[in-house]
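Numbering (this note's numbering), first residue to last: 1 to 363.
The beta carbon of each residue, even a glycine, is placed where N, CA and C say it ideally should be.
Following this line, the structure appears as structure tokens:
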């Protein structure tokens with residue numbers, strides 16, 4: 001899989017820009033706040049339908065512009081080519097076309113372009129809340145499986161409905177019957193999400209262990225474990241139903257749902273040390289990069305396509321040993337790296353960002 005070109009109109013810092021990309025390593029360099037990350041973000045946006053940094057779509061429109069913002073991306077896959085057009089109107093509403101056909105649901109965008117994204121902010125994956133680790137699983141699986149994306153949307157809607165029932169009918173005789181109505185679907189969808197996440201982590205773990213071995217020169221052994229309720233996976237739905245029934249009084253008292261995949265986590269350890277709590281910054285950085293590199297391999301295994309790797313301002317975070325291991329791991333993968341300086345890399349195409357323009361340097 002390869003992004004062959006990116007065209008921007010009134011997108012963040014860019015009034016107008018067009019970039020043609022090659023299939024190997026591309027380095028986008030320039031001063032801070034020059035627009036390097038904005039270019040990376042436009043690619044990420046066209047992959048998952050949301051910005052990596054901005055919560056509101058309206059914030060992606062260039063400041064002072066009355067018209068909307070537009071990103072046009074051309075993608076080459078093994079057996080097909082696609083064009084993604086994403087327009088944000090002046091009111092902040094998003095419109096997406098794939099091959100000139102309107103996309104009414106974000107789920108239909110999933111899989112057209114797969115990306116793996118890494119930036120210094122991705123350190124949250126290890127050291128921040130379980131929500132960041134759940135997001136890592138959900139974005140990764142959703143790009144590979146639209147069914148999972150829609151199941152996740154349905155689960156979130158059912159969770160909101162269940163929490164509303166717990167608040168509205170607290171202490172009332174109708175509460176039990178109202179919960180029964182929603183819990184049938186809730187348990188079914190929750191069980192599907194738990195299975196898919198567990199499968200994803202079990203596939204990811206040995207590959208991440210191998211990549212981590214390379215990045216740390218064999219000094220650490222990385223291990224991943226999907227943490228959910230103590231369910232019987234052979235009888236997942238009935239097991240989850242029993243656990244939820246046992247938690248019903250607590251749910252009623254707290255007025256929210258305490259059981260389900262919205263509470264799950266990933267345990268990430270290196271040589272027996274829980275990196276979430278006790279890992280050093282260097283250990284956490286290596287673990288995140290190992291997860292991202294492993295994710296590339298899982299994408300390829302599941303879809304037959306290699307995703308595009310986006311590395312935003314991470315070179316300064318890596319020592320020479322980790323850099324060398326990284327370049328070995330990304331050989332043959334389209335990789336776009338942003339840096340402040342024109343660092344020398346093997347077999348690379350350089351793009352200089354200056355005065356809100358992107359210029360490809362002659363080889």
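Checklist entry - chain D beta carbons: is any one of them nearer than 8 Å to that of residue 293? => result Absence of chain D from the displayed structure is noted, only one protein chain being present.
Checklist entry - Would you call the region 325–336 and the region 242–257 touching, i.e. three or more CB-CB distances under 8 Å? => result no
Item to check | Simplified DSSP assignment, three categories, for residue 79 | outcome: coil
Checklist entry - Anyone know if the C-beta pair for residue 146 and residue 111 falls short of 8 Å? => result yes
Checklist entry - In terms of alpha-carbon separation, which member of 123, 246, 299 and 334 lies closest to residue 276? => result 123
Item to check | Candidates 172, 12, 190 and 164: closest to residue 68 by CA position | outcome: 12
Checklist entry - Taking the alpha-carbon positions, what's the residue 265 to residue 226 distance? => result 6 Å
Checklist entry - Quick one: complete beta strand (DSSP E) runs, 3+ long, within the region 325–352? => result 335–339
Next on the checklist: Across the region 178–187 and the region 161–169, are there enough close Cβ pairs to call them in contact, namely three or more that are closer than 8 Å?
Outcome noted: yes
Checklist entry - Helix or strand or just coil, what does DSSP make of residue 400? => result The requested residue 400 is not part of the displayed model; the chain covers only 1 to 363.
Item to check | Delimiting residues of the beta strand (DSSP E) encompassing residue 209 | outcome: Note, residue 209: premise wrong, no beta strand (DSSP E); alpha helix (DSSP H) at 175–215.
Next on the checklist: Tell me whether the region 25–39 and the region 340–348 touch, counting them as touching only if at least three CB pairs, one residue from each stretch, are closer than 8 Å.
Outcome noted: yes
Next on the checklist: Is the beta carbon of residue 356 closer than 8 Å to that of residue 44?
Outcome noted: no
Next on the checklist: Just to confirm the assignment: which complete alpha helix (DSSP H) runs, minimum length 4, are found wholly within the region 92–146?
Outcome noted: 124–127 and 130–144
Next on the checklist: Please return the same chain residues whose Cβ sits closer than 8 Å to the Cβ of residue 214, not counting the five positions on each side in sequence.
Outcome noted: 325, 328 and 329
Next on the checklist: Using a Cβ distance threshold of 8 Å, determine whether the region 346–362 contacts the region 314–323, with at least three qualifying pairs required.
Outcome noted: no
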